[in-house]
Each structure stands twice: as C-alpha cells, then as structure tokens.
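One structure is given below, encoded as structure tokens.
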Amino acid sequence: MEPRELDLAPEPLLQWLPDETLFSLASRLHVLWGHPRAWQTSMLLYGAQRAGLHHDFPNALDALIWRTKGQLGTAGQIARQRTLLHYYLPFIHASRIPEFVSSMCGGSVAHLKFRLGLLTSRFRANHPLKACAQCMRDDLAEHGWAYWHLQHQYPGVWICPKHAQPLSESTVKSTGVERFQWNLPSQESLRTAEYDTRFPTIAALGSLGSLVCALVDSRAPEGWFDATRAQLAIRAQCAARGWMTSGGNLRLRAMSESYMHYCQRLRGPRELDSLPITLGGAQTQIGRLFRSMGGGTHPLRILLAVNWLYDGWEAFRVAYEAVPAVQETVLPESSVAGAGQSSDRDPRRSRLSALLRSGLSPTAAARMTGVDVDTALAWATQAGIRVSRRPKTLKPPILARLIADLTEGMDKQTVAQRHGVSLQAVTRVLRTEVGLHAAWRHAMQRAAKANARSEWTTLLSDHAAMGPKLLRAMNPALYACLYRNDRAWLQQMTPPRVPREAYTRRGPVLWDERDRWLSAAVEKSVLQLSLANQGRVLRLSQIYQAVPELKPKLRVLERLPLTKRVIERALSRQVPKHEREDLLG
0 MEPRELDLAP EPLLQWLPDE TLFSLASRLH VLWGHPRAWQ TSMLLYGAQR
50 AGLHHDFPNA LDALIWRTKG QLGTAGQIAR QRTLLHYYLP FIHASRIPEF
100 VSSMCGGSVA HLKFRLGLLT SRFRANHPLK ACAQCMRDDL AEHGWAYWHL
150 QHQYPGVWIC PKHAQPLSES TVKSTGVERF QWNLPSQESL RTAEYDTRFP
200 TIAALGSLGS LVCALVDSRA PEGWFDATRA QLAIRAQCAA RGWMTSGGNL
250 RLRAMSESYM HYCQRLRGPR ELDSLPITLG GAQTQIGRLF RSMGGGTHPL
300 RILLAVNWLY DGWEAFRVAY EAVPAVQETV LPESSVAGAG QSSDRDPRRS
350 RLSALLRSGL SPTAAARMTG VDVDTALAWA TQAGIRVSRR PKTLKPPILA
400 RLIADLTEGM DKQTVAQRHG VSLQAVTRVL RTEVGLHAAW RHAMQRAAKA
450 NARSEWTTLL SDHAAMGPKL LRAMNPALYA CLYRNDRAWL QQMTPPRVPR
500 EAYTRRGPVL WDERDRWLSA AVEKSVLQLS LANQGRVLRL SQIYQAVPEL
550 KPKLRVLERL PLTKRVIERA LSRQVPKHER EDLLG
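In terms of numbering that gives the first Met the number 0, the sequence shown opens at residue 0 and continues consecutively.
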C-alpha cells in the first residue's frame, strides 16, 4: 500500500551545503522542523522510527527518495557522494559497489561493515564524528549552520584540510551516547584534540590527511585502487631505499626502525592506537604489507605505508601507474583493498604458472613472483604442474610408501610417526603432490562415514525401543554428523515410532507404578536442571546423571510412557514458568 501524502516530508526542504553529509542534512531538518523527538523526523524522512540514524552508513535511502520526491538526488548519488561509502569507493571492487548501495537502500545495514572488512581491521569501525572549530565559525557566518563535513569524517583525516588545525572529536553517536538522536556539531559535544608535543604530530597527521583526501577525491573511476598493484609500488620504493637484498629479501630491521619512527609522529588519535610502538610490532605490521591481503585489510593500512614511503600523492600516483596493471582476476566477493579477495584467484598465480611452464625452477619463479617457495609449490600443484624435487629426508622409496598411506586416508600424525619424518614434511607432501590432497580427503571422509555408520548401528541395536527422538539424544553429535553427510542412509536406519498400543503390562513387574514414580523423579530433576542451566536446552546425559535409576530403564522406555513423555518434553524445550511454580509448590 502506498504511504499517504501526509506522510511525506514537509516542504520546503533544505539544500545541500558544500561537502555536507546526509546525516548532517537530516539533523538540520530536525532542528528546522522543531520536533521534540528524533523518531518524528525519522518517520517523515525514512518512514521508520529508527531509520537513517547511522551517521556513517545510513539505511532506507529508497524510502528517503520517495518521501522527499527525489529533491535530494537519487539513492545512488546520495550513497556515493554524501555518506562515508564515498571514502571506500576507490578500494571496493567495481562489481561489488551496487551491492553496498542496495544494502543502504534497504531496511538494514547490519553486516555492511563486516563485508567491508572493517570489524577485524584494528582501526576502529565506529567512525567518530569530527569537526573543525574554524570551519564551524565560518559555516555559521556564511550559511547560518554549523554542519558535518564529509572530508572531516574520512579515516586518517585528523587535521582540517582547509585550516590545518586539529579536528575535534564528537562525544556522541560513535560512543553510544545519543545513538538514536540527530546531532549537529557544537562546542559542548566536541572533545578538543591534545597531541603529544614531543613529536611533530600536527605535520605528520596533516601529511597523512592530505594524502587520504587526494586519493579518495581523485577523479578516478570507482574501484580503481588495486591492492596488489599498490603492494608492488611499495616494494619498488623499499628497493630504491636499499631495504631489499639482491635476492629480493627484505632488510626487515632497517625497515622496521624507519616505520616505527614514522608511527611515533602519529600518536594522538585513538583511531591510530593500533600502530606499532615496538620494533617487533613494526616488523609484524610490515610483514602484512608484503603478504596477500585476502584476510581483509583496511585502506588506512596501505595509505599509512604509502605516506611513510612516498613524498605526497603525486609521487605515489606516478609510481603506481608505472607498475604494470595486474590482470583482472579478482572475484566479485572481494571488497576493501583486498578484503575478501580469494587466495585461489591471486593474480600472482597465473604469473607463477607461466614462469614454471617456461622452465624456471620453483625457487626462481617464487622469487620473481614475490611468494615463498612452499607457497609456489602448493600453487603449482593446484594448477596441475609437477615440479622436480631435491629430497633430503624423503628419498623415493620412503616417499612412495608415505604417499600410499596418505592415499588410504591415514592420519598425518600417524604417517609422520610411521615413517620417521616431521608433521611439516607430511603436510608439504600433501600440498605439493598433484591430486594427493583430494585423494587423502576423500579417503578420510569415507573412513569417517563408515565409522559413524558403525556407531549408529550399534546404538540402534542396543536401544531400538527408545524411539527416534531419544535415540538421537543418546549421541546428538553422531546424529548431526550423519544427518549432514549421510542423510539418506540415516533415514533408512531410524527406528519406527512405538505405537501407544505396545505399552502393555508384561510380567510381574508393576510398570505403571514404576512409571509414575520415575516420571515424577525425572520431572523434578528436569526443573532443577533447567533453573541451573539458565534457559539452555538440556541433554539426556544430564537427566540420567541426576536420576541414576533412569539409565538402566532407557532400553525399556516403551513400558514407561509417562517417563518417556517427560524426557521428550525436557529435551525439546524448557519448563514453562507456571509449571515450575506448580512443581515447586
């Protein structure tokens, strides 16, 4: 059903101010309309009480466009030009950008930061609001409003690009305070930056911010920044500074000392707290710059390295363009500066394969590609390229027997002990023998399936009368394994439900009396366990440990229908509150 005309945003709407964010414009409208509650403005602009309130990646942009009759632009234009998505556009693969815009058009942006690779980046994903005191005064004089500038919000920008003075950080929104409120910059809600005067922090932060703004606001196509190409440019600059040996290895200590000295000048913003303070920390972070960035790298980590090594944006741009363009092999799942980039589509793979097929040795090909030899051997194996070996311990007879054991699905640790080699050596053979890893995995899975079937058959034989639900509870992990991997067989091997007519009294044992006593004991124990477990679902083993008399009776539960029903109910849900009161009463 179409929203009523009365629900549309009232006119006139305010116009965009220079470099203004969407959150800022909505906050100004909230002040203009004079609503006492934030949700009232949200309802008019977005059609929901808490929509659009994210200051970095707002949601419900489609609703905003409809309610404002398109006066503010299209949803794509707003997402790309008036939100913090603008900062990440150069680093997101072009094929993924519509996906992120679509997410912001919908009702939730819950997983957007995760897909951008920010939650594991150690550079904070909350994007604190920032403002320049001089800009606030100038904006108030010129436009009548102090507002949020988009450039000020970029990660890595802590010095105003216009006035060269430190930005103040807001104490609301990103801190959780006034999380669902509209907000404009004011002196009362801003915390003045206090940087360490022992280092030229202002100049260093200003240099970093200038690089960030120049790169993000360059008139290049979206998704133009290639992390692998940037890595090669960084590597070339390290070589020019004498930090690489003739064999292509890094002089890590000299590099780490320089990088640590550079990072010392950036002390102050909490966003940069993850920068190294020790030589070991610097070595670790430099090592990440020269490895595949498939784990999810924040753009700021690469920009810091560029700012450390190059004298400004233009110097880096020239070096970047001098690097041959990497063949476009990035999967659509990739996102920020290599985040989500699949390792099996690493552009270095095709180059390595070509070098090996040209007759180059694995060591030489690995050096030219920029990977270690073990990685080169593994990639060659996955590409179906057999490489010559120069074995030290694994002579041909030992290697043949080792491969035979792995082909049969023997555990790696057992194989290593059996042939007197290290676990690493066995792993290396698995990774570098064409087709062996797949054969080993298949054999392991086949053996695991056979073992699981045997366990379930034994369980079924011993407790066939229990019925499917209780039989499953006897070994839930085994049941789950078979259900996921061997469901057709499991369905054939599940016992039929025992009909109620089968619950007949046989022999001199007073089963009815025993059933009433045992069901009451089980029900009382279930209540106590439920209270102790604080709402977690119970396991059958917990119940028969609390009632020792129950376990011997599990094989004859068809004669104890009351007890069986109590157990089934306990395993499927928790005891309701009113039943607890009755039982405890």
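Glycine is no exception: its CB is placed at the ideal position from the N, C-alpha and C atoms.
Item to check | Per-residue DSSP class, three states only, for residue 168 | outcome: strand
Checklist entry - Contact check, residue 211 vs residue 155 under 8 Å by CB: the rounded distance? => result 4 Å
Checklist entry - For residue 28, is the classification buried or exposed, using 16 other Cβ atoms within 10 angstroms of its Cβ as the cut-off for buried? => result buried
Next on the checklist: Measuring alpha carbon to alpha carbon, tell me which residue in 459, 233, 151 is nearest residue 205.
Outcome noted: Check the Cα spacing between residue 205 and each of 459, 233, 151: the tightest is with 151.
Checklist entry - When you compare only the Cα positions, how much space is there between residue 269 and residue 170? => result 13 Å
Next on the checklist: Counting beta carbon pairs with one atom in the segment 99-113 and one in the segment 55-63, are three or more of them shorter than 8 Å?
Outcome noted: yes
Item to check | Which of helix, strand or coil DSSP assigns to residue 148 | outcome: strand
Item to check | Distance between residue 37 and residue 9 (C-alpha atoms, nearest Å) | outcome: 16 Å
Next on the checklist: Looking at the strands, I want to know which residues DSSP matches up with residue 129.
Outcome noted: 168
Item to check | Neighbourhood of residue 121 by C-beta distance below 6 Å, restricted to the same chain and skipping five residues each side | outcome: So the list reads 273, once near-sequence residues are dropped.
Item to check | Proximity to residue 108 [Cα-Cα], best of 49, 33, 71 | outcome: 49
Item to check | Contact check, residue 21 vs residue 79, beta carbons under 9 Å | outcome: no
Next on the checklist: I need the boundaries of the alpha helix (DSSP H) containing residue 532, first residue and last residue.
Outcome noted: Where residue 532 is concerned, the enclosing alpha helix (DSSP H) stretches over 510-532.
Item to check | Among 297, 319, 413, the one whose alpha carbon lies nearest that of residue 116 | outcome: 297
Next on the checklist: Assuming the contact rule is C-beta atoms closer than 8 Å, residue 231 and residue 192 should be a hit. Round their C-beta distance to whole Å, please.
Outcome noted: Incorrect: roughly 35 Å between the Cβ atoms, too far for contact.
Next on the checklist: Check this for me: beta carbons of residue 556 and residue 563, under 9 Å apart or not?
Outcome noted: Contact: yes.
Next on the checklist: Between the alpha carbons of residue 258 and residue 316, how many angstroms are there, rounded?
Outcome noted: Cα to Cα, residue 258 sits roughly 21 Å from residue 316.
Item to check | Local Cβ density within 10 Å of residue 11, reported as buried at 16 or more and exposed below that | outcome: exposed
Item to check | Own chain, CB closer than 8 Å to residue 643, minus 5 neighbours either side, in chain order | outcome: Since the first and last residues shown for the chain are 0 and 584, residue 643 lies out of range.
Item to check | Pairwise C-alpha distance: residue 349 and residue 601 | outcome: Coverage of the chain is limited to positions 0 through 584, which leaves residue 601 absent and any answer about it impossible.
Checklist entry - Helix or strand or just coil, what does DSSP make of residue 190? => result strand
Checklist entry - Is residue 165 near the ligand PLP, going by C-beta to nearest heavy atom under 8 Å? => result With respect to the ligand PLP, the structure shown offers nothing to examine, as it has no ligands at all.
Item to check | Coarse secondary structure for residue 243, derived from DSSP in three states | outcome: strand
Checklist entry - Among residues of its own chain, excluding the 5 on either side of residue 112, which ones have a beta-carbon nearer than 8 Å to its beta-carbon? => result 56, 118, 124
Checklist entry - Which residues in the same chain as residue 93 place their Cβ atom closer than 8 Å to its Cβ, once the five residues preceding and following it in sequence are excluded? => result 220, 221, 222
Checklist entry - Taking all protein chains shown into account, do 16 or more other C-beta atoms lie within 10 angstroms of the C-beta of residue 605, making it buried, or fewer, making it exposed? => result Because the chain here runs from 0 to 584, residue 605 falls outside it and cannot be looked at.
Checklist entry - How many angstroms separate the CA atom of residue 302 from the CA atom of residue 370? => result 22 Å
Checklist entry - Would you call residue 432 buried or exposed, if buried means 16 or more other Cβ atoms sit within 10 Å of its Cβ? => result buried
Checklist entry - Leaving out the 5 sequence neighbours to the left and right, which residues in its chain are closer than 8 Å to residue 40 when beta-carbon positions are compared? => result The beta carbon of residue 40 sits closer than 8 Å to the beta carbons of 25, 28, 29, 32, 34, 181 from its chain, once the five residues preceding and following it are set aside; these are given in chain order.
Checklist entry - Does the segment 477-489 come close enough to the segment 517-535 to have 3 or more Cβ pairs within less than 8 Å? => result With a cut-off of 8 Å, the segment 517-535 and the segment 477-489 do not count as touching, because too few Cβ pairs lie within range.
Checklist entry - Is residue 543 closer than 9 Å to residue 553 when the C-beta atoms are compared? => result yes
Item to check | Residue nearest to residue 52 in terms of C-alpha spacing, selected from 240, 172, 532, 90 | outcome: Comparing Cα positions, the closest option is 172.
Next on the checklist: I'd like the ranges of any alpha helix (DSSP H) spanning at least 4 consecutive residues and lying wholly in the segment 14-49.
Outcome noted: Those alpha helix (DSSP H) runs which fall completely within the segment 14-49 and span 4+ residues are 21-32, 37-45.
Item to check | Cutoff 8 Å; reference residue 19; Cβ partners in own chain excluding five residues on either side | outcome: 81, 146, 147, 148, 149
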